[in-house]
Structure formats: structure tokens, C-alpha cells
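Chemist:
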Amino acid sequence: MKETHHPYGPYEAYLKRPLDFAAASLGLLFLSPVLVVVALLVRVKLGRPVIFIQERPGRTDLKTGKEKVFKLYKFRTMTEARDGNGKPLPDETRLTKFGKKLRETSLDELPELFNILRGEMSLVGPRPLLVEYLPRYNQRQARRHEVRPGLTGLAQVRGRNKLSWEERFEEDIKYVDHVSFLMDMKILLGTVGAVVGRKGIHSDSSATMEAFMGSGNRKEDRPSG
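Using our numbering, the first residue of the sequence shown is number 363, and each one after it goes up by one.
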């Protein structure tokens, strides 16, 4: 049976979502000039589309036991370059200098404020990963979907892409098991420091994080449903 996540206090049960909505609303209001400028720069340097849209899994639906899939919004950072067979070139090739700057400053993540407004994400939570990773999680790793995914999370302030996948998932689960207002504030402040210091942006072997291929004991360890 899949474990059911129960809020650990009034903050998670009643306050976290309204605070997310208020913060995202204010963020979009005050950062609207930045959003416009970045959008124009992306249009000039990378062309269309300006916004990168991709399906990502969100919080587990308690009725179906399956993760709710939503459309994530980000500013585009890569070109559409493909090889002779029409297959996209490696990320390192398609990621431009301008795109790297957007990622280093996390400006590419700003459109996710709309996902927060829609209730698909939270300011703080495990980062939403690819839908194709779902069957690769073991039962413990799948617990990261017991809460809404976040704009930032514990793994992002503990090393970001410098962490291995297993280390990142452990940080995600620590967050799921200890959601609190104080922890969220610490993560948000730590995120500011990580962005300013440009810490952990790239993994040790790649310009982007390598694909997660599983940690062994995958589907058979996943709860049914």
C-alpha cells in the first residue's frame, strides 16, 4: 500500500498554500518588468518559443494513487538544433552562453510562479522532474511526490546539481518528513545565497544534470495503484 502523507501541523495544512499564492502574486507583480525583459532577450537570442513547456509530475492524487501531471513553464535556454536524423543534439551543444546565464541566475525559473498560482507547485518542495522517471523510482524515492513540487527545495540548497540522484532524493524525503514554516524560510534564504554564489549549477560531469536511470529495485518496489 502507498503511504499517505498527513500534514504535520497548521502551517502545512492551512497556511502553506495561501502563502504560496500570495507570494507568487506579489512576485509576478514586482518582477513583471524582469519577466518582460527576459522574454524579449530570449526572443531575440533564441527565437520562438520563448516559453519552454514540458509535462512534469506533481503531487500524488490520494484518490487514484498516481502523480498528477501538469505543464511546467520556464524560459527557454536551449536551441532547437538537431542532427541529420532529426534527433535533438546533446544538451551541452544546445545550451547557449545566454541560456547558461539564465540558469546560473535562475531567471529561467520565473514563469513557474504561474504554476504556483495554479496550485500545481509550491515555493518550496522537491523539484519537479521528468515524467519518464516515475517508473524508475523505488518506493522510498517515490515519496517525494507526497507534497507539491517546489520552485526550490532542500536539495537545491544542499548542493543542487553537485549532488548525486540518490543524495537529492534523500534531501527531498527529509523535506517531506519535516515540512515547517521555519524550514521553508531557511530554504528560501539558502536559495538566495546559492543563486548569488552560483553554487552547484552544473554537475561534475555535465553542463546539465545527467538523466536518472534508476537505483535498482525499481518497479517491484513501487507501491501498487
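Ideal placement from N, C-alpha and C gives every residue a C-beta, glycine not left out. Keep in mind the model is a prediction, meaning the values are calculated, not measured.
Could you tell me how far apart the beta carbons of Val486 and Gly515 are, in whole angstroms, since I believe they sit closer than 8 Å?
Modeler: Rounded, the Cβ-Cβ distance is 6 Å, consistent with contact.
Chemist: Determine the contact status of Ser542 and Asp382, defining contact as a CB-CB distance below 7 Å.
Modeler: No; because the gap between Cβ atoms is not below 7 Å, this pair is not in contact.
Chemist: Output yes or no for whether 7 Å exceeds the beta carbon distance between Arg520 and Glu533.
Modeler: Against a cut-off of 7 Å, the Cβ pair of Glu533 and Arg520 comes out as a contact.
Chemist: Does the distance from the C-beta atom of Asn500 to that of Met571 stay below 7 Å?
Modeler: No, they are not a contact pair.
Chemist: How far does the beta strand (DSSP E) with Ser468 in it extend, from its first residue to its last?
Modeler: Premise fails: Ser468 is in no beta strand (DSSP E) and is neither H nor E.
Chemist: Do you know whose CA, among Gly552, Val400, Ala384, Gly559, lies nearest Arg480's CA?
Modeler: Ranking Gly552, Val400, Ala384, Gly559 by Cα distance to Arg480 puts Ala384 first.
Chemist: Buried or exposed: where does His507 fall if 16 or more other Cβ atoms within 10 Å of its Cβ makes it buried?
Modeler: The residue is buried, with at least 16 neighbouring Cβ atoms inside 10 Å.
Chemist: If Val404 and Arg438 are in contact, beta carbons under 8 Å, what's the gap, nearest whole angstrom?
Modeler: Indeed they touch by this definition, with Cβ atoms about 6 Å apart.
Chemist: In the DSSP assignment, find the unbroken beta strand (DSSP E) run with Glu374 in it and report its ends.
Modeler: Premise fails: Glu374 is in no beta strand (DSSP E) and is neither H nor E.
Chemist: Threshold first: 3 residues or longer. Then list the beta strand (DSSP E) segments lying entirely within the region 497 to 544, N to C.
Modeler: If we require 3 residues or more, the beta strand (DSSP E) runs fully inside the region 497 to 544 come out as 512 to 514.
Chemist: What whole-angstrom Cβ distance do Arg444 and Leu492 have, given they're in contact under 8 Å?
Modeler: Contact flag wrong, Cβ pair sits at about 20 Å.
Chemist: Could you name the residues that DSSP lists as bridge partners for Pro450?
Modeler: Looking at the DSSP assignment, Pro450 forms a beta bridge with Arg444.
Chemist: How about Lys449 and Pro473: are their beta carbons less than 7 Å apart?
Modeler: Their beta carbons are not under 7 Å apart, which means Lys449 does not touch Pro473 by this criterion.
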